[in-house]
Structures are given as C-alpha cells and as structure tokens.
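Only one structure is covered here, and it is reproduced in the block below.
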Amino acid sequence: MEDADPAPPLTILVSSVRLKGEGGPSSNWHIVGIIRNDGTEIYGGIDIAATFFDTNGYRHRVADVECACRLLVPGATCPFSLEIFAGDFVKYKLHPEGTPVQYRQPLSLKTSRVNVSNDGIGNVHITGVVRNEYTVAVQQVLISGELIDANGQVVNLNSTALLGDLEAGAEASFNLRIEYEPYATYRLTAVGIQK
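Its first residue numbered 0, the sequence shown is counted upward by one per residue in numbering that gives the first Met the number 0.
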C-alpha cells in the first residue's frame, strides 16, 4: 500500500530507549536519537511525528518531540529527544517531517569560554559565548547541546535560542540547561540563519 504521507529524504536513527522512573503512572519512556538529511536539498521545519500503539491497538500521537535544528543541509544530522508517559505501549512509529527550502543558508557559529557544571538538582548547565565571525548578520541563533555516554550514544539533549540578531563580529552569552543523565562527554553546536 502506498504511503499516504510520504516522508522527505530524512532518516531517523534511534540511539536510546529508556524507561525513566519507578514504573507506574509517573514513569516516562525517553527516546533519543538523530535525524539525518539523506537528500540533496536543504530541509527546514524539521520535526518528527511520533505515534505510540497500546496493547489494544489504539494510537496515541506525541507532539513534544525536541528536535535541536531548524534546518538540515544535505548529509547533516540533528539530535532529537522525546518523552511520553509509560502507559501500556507495545510499539511506536517515528515519521520524519520537513520541507525543502531554497533560501536562508544556515551558518555554523563558534562557541568559546564554555563552562559545564551540575546544579545539584538534576541539571547540567553549559554556559559560554557564541560569536558571529561572518561579515553578515545572523538571526534565529540556536545553541544545541548533547550529553554523550562512554559508548558515544546521545543520552539527553536540549537547545536554547538567542533573542534578536547577532551582528557581524558580535558575540552573546548563552546558558543551556540539559536534564542530567549519566554522561562521559558533551557536544555543543551553534547555528544561525543568514539575515
């Protein structure tokens, strides 16, 4: 049967599926992975439609997938994370979403003076400065952080956006909070859109 909602050329790779909590109604399934652009165009509006199926075959949609990128150039990857209450789910389906864009090239930005600390209440804080070394202003600056375990798998992630534009040569401070999961290292990326 032909897919009524064909996916763009984006591939989803799941690296971790864990049950958080003690079981019961307060527990959540936590799924982490990456989405990759296998196409030849830049894709925007990156998102993942997550559907869970329970033991009776009923479908439950999840809308709060945390995807750390707005745009994906060909060959690029972007981490994602989602949580859903434990329920009695027996399987799930992840469907990539995005549309080709012909405008607005994403630009990688440099971070410096990075400091990583635990706040003692279950969060990792990554602070630092992001700098625009281009000769044009950038907008929609997004700083994304990933916690990575000893096996190289992403265990949790989050992102934060800067308000306003970042002019050519300018820099701005950021404070990124990621819910703590045991990790060995971290990865930090910063991207803006040419204004």
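Each residue gets a CB set at the ideal place from its N, CA and C atoms; glycine is no exception.
C-alpha of F51 to C-alpha of P78: approximately 20 Å in a straight line.
Each of Y133, S116, A48, N114 was checked against the Cα of I30, and the nearest Cα belongs to A48. At the C-beta level, A75 and C68 come within 9 Å of one another. Just so you know, the alpha carbons of V128 and L161 end up roughly 11 Å apart. Secondary structure of N150 (DSSP, three-state): coil.
Short of 7 Å from the beta carbon of T39, and not among the five residues preceding or following it, lie these beta carbons of its own chain, in chain order: P73. Positions of the beta strand (DSSP E) runs, each at least 3 residues long and wholly inside the region 8–95, are given as 9–19, 27–36, 41–53, 58–61, 76–84 in order along the chain.
Comparing C-alpha distances from I45 to each of L93, I120, D53, S14 shows the shortest one belongs to L93.
Annotation: the continuous beta strand (DSSP E) that includes T110 extends over 109–117.
In the displayed model, P181 falls within coil according to three-state DSSP, outside both helix and strand.
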